[in-house]
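Report on one structure; see the data block that follows.
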Amino acid sequence: MGRRKRKSGCISAVIGLAVMFCIVVLAAMGGFLGKGVKKGLAEGVAKGMNSARQIPFQEISITDAELAQKYYYRQLDEAEQTAYKEIAQGVKMNVEEIYVHAADADRTNTIFQYVLKDFPEIFWCDGTTKSTSYEGQETYTVLQPVYSYAEEEKTRKKAEIESAVNDCLSGIGEGASDYDKILYVYEYIVDTVDYDITSEDNQNIYSVFVNKKSVCAGYSKATQYLLERLGVFCTYVTGTTSGGQSHAWNLVKCRGDYYYVDTTWGDPVFQASEGGEIDPSYISYDYMCCDDEELRKTHTPDTEVPMPECVKMDFNYYNVNGMYYTEYDGEKALRAMNDVILEKGNPVVFKFADRRLYEQGREDIFGTQIKRAAQNLADWYGLTEVKYQYMDEAELNKITIYWQYK
């Protein structure tokens, strides 16, 4: 897919604002996204015959209240919910052989993956497992997860995580709205974590909160964990990007409606890793609460578990901040540029609701309005030459402009 590559323009106030720029839409990206999320591996699925001995099924202390907001748990029938609880209980306790009320080893592995998607705090289990199902007087499955850390090291790392999480959560007020909480978490992770495919523990939250380097799996699980701690519904979503790479992001609920959030794709370090020439301070908010239509331009969720419809853009960042356009008005576009220039700010963002509006706005902005705004910048700050940079993102129906004030 085309990513955010910044281009430069230079306008001379002395020679009548002769515009010199070139818009380039990049070819489809490849590369690192597929390394950002690790699919769970089911190793050694087998079937055997059980004996008449009593089967030591995993004892459960997890309550229904603890699972009320767990999205994948809620997709299961009553029998599979029992298996889910047994797996979750066993994994939380580092049980090496978890005895589960389930007849099918493959399905048990799937439920195991649902547990990991619902519990981002389980950083000590990498998703690899071995399952064996048994038939006889009673059918059951023995699940053998692979644990990255034994109990002592797990306890130490958990304390490190909680210290960082508490520091993070201390920065948001008690009266914050759902939107404020989602935005706070989004910006906190983007500001404090670097996208790095070589980082250790990059499939879990330890890489985010302690190492400060991760990939999409870590970003998404950390987003989920923080928002759950703040009382906002958030779950973990996997799928592919338009480049065909495996990827992970989140589904959230804001004021009663579902939206998608992709913290990874907001990070300028991630954008630079995809070949973009990006200012390290630039945060993209395209996936800070977006609807299905916006998401599916670049993301395709896995279909094994259906996701609820996301039909609103009300709480998309650009909409909340007056940068989302459902109609185009050249004078309004000029005012938006002038308002930023008056404050010596950056950037100016035009996010259009559809392709028709984007093309209309693009033609007028680059053909007329950017010249008028540049002339104002020159007049107001006594410049003989005006320089600017811009990103033209056709796939996202977005134009971003940065002004230079020297």
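Counting from 269, one number per residue, gives the positions in the sequence shown under the numbering used here. Ideal placement from N, C-alpha and C gives every residue a C-beta, glycine not left out.
Exercise. Compare the Cα-Cα distances from F583 to each of G404, K600, M556 and report the closest residue.
Key: Closest by C-alpha distance to F583, out of G404, K600, M556, is M556.
Notebook entry, point to check: CB-CB under 7 angstroms to K481, same chain, minus the five flanking residues each way: which ones, in chain order?
Noted result: Closer than 7 angstroms at Cβ, skipping near neighbours: V461, D462, D464, S467, S475.
> Is it right to say W671 is buried, meaning 16 or more other beta carbons lie within 10 angstroms of its own, or is it exposed?
Replying inline: Label assigned to W671: buried.
| query | According to DSSP, is K481 helix, strand or coil? | reply | If DSSP states are grouped into helix, strand and coil, K481 belongs with the strands.
Range covered by the alpha helix (DSSP H) that runs through S431:
Unbroken alpha helix (DSSP H) run through S431: 419-437.
| message | Using CA atoms only, rank isn't needed, just tell me which of V505, M605, T331, L610 is closest to L563. | response | Minimum Cα distance to L563 is reached at V505.
Pair every Cβ in the region 625-643 with every Cβ in the region 599-614, then say whether three or more of these pairs are closer than 8 angstroms. Yes, the region 625-643 is in contact with the region 599-614.
Helix, strand or coil for N377 per DSSP?
N377 falls in the helix class under three-state DSSP.
- Item | Completely contained alpha helix (DSSP H) runs for the region 600-656, where each covers 4 or more residues | Listed in chain order, they are 623-632, 638-649.
(Q) What would DSSP say about W533, mapped onto helix, strand or coil? (A) Note: W533 maps to helix in three-state DSSP.
Quick check on V500: buried or exposed, where buried means 16 or more other Cβ atoms within 10 Å of its Cβ? V500 should be labelled buried.
**Asked** Among M605, R342, I457, V433, which one has its Cα closest to the Cα of F634?
**Response** When each option's Cα is compared against that of F634, the closest is M605.
Under a three-way DSSP split, which group does Y555 fall into?
It is coil, neither helix nor strand.
Run of the alpha helix (DSSP H) containing Y586, from where it starts to where it stops: Looking at the DSSP string, the run of the alpha helix (DSSP H) that includes Y586 is 585-588.
By DSSP, does D401 sit in helix, in strand, or in coil? The sequence given here places Ser at residue 401; Asp does not occur at that position. Strand at S401.
(request) For D469, count neighbouring Cβ atoms within 10 angstroms of its own Cβ and tell me buried if that reaches 16, exposed if not. (result) Around the beta carbon of D469, 16 or more other beta carbons lie within 10 angstroms, which makes this residue buried.
| said: Using a Cβ-Cβ cutoff of less than 6 angstroms, which residues in the same chain neighbour L664 once the five nearest sequence positions on both sides are dropped? | reply: Sequence-distant Cβ neighbours of L664 in its own chain, meaning closer than 6 angstroms and more than five residues away, are D554.
Consult DSSP for V505 and reduce its assignment to one of helix, strand or coil. Looking at V505 - three-state DSSP - the assignment turns out to be strand.
Notebook entry, point to check: Can you name the start and end residues of the beta strand (DSSP E) that Q412 belongs to?
Noted result: 408-415 is the extent of the beta strand (DSSP E) around Q412.
Q | Supposed contact pair P388 and I473 - C-beta distance, whole angstroms, cut 8 angstroms | A | For I473 against P388, the beta-carbon gap comes to about 6 angstroms, under 8 angstroms, which counts as contact.
Next item on the list: Using beta-carbon positions only, say whether C522 and I450 come within less than 8 angstroms of one another.
Entry: At the C-beta level, C522 and I450 come within 8 angstroms of one another.
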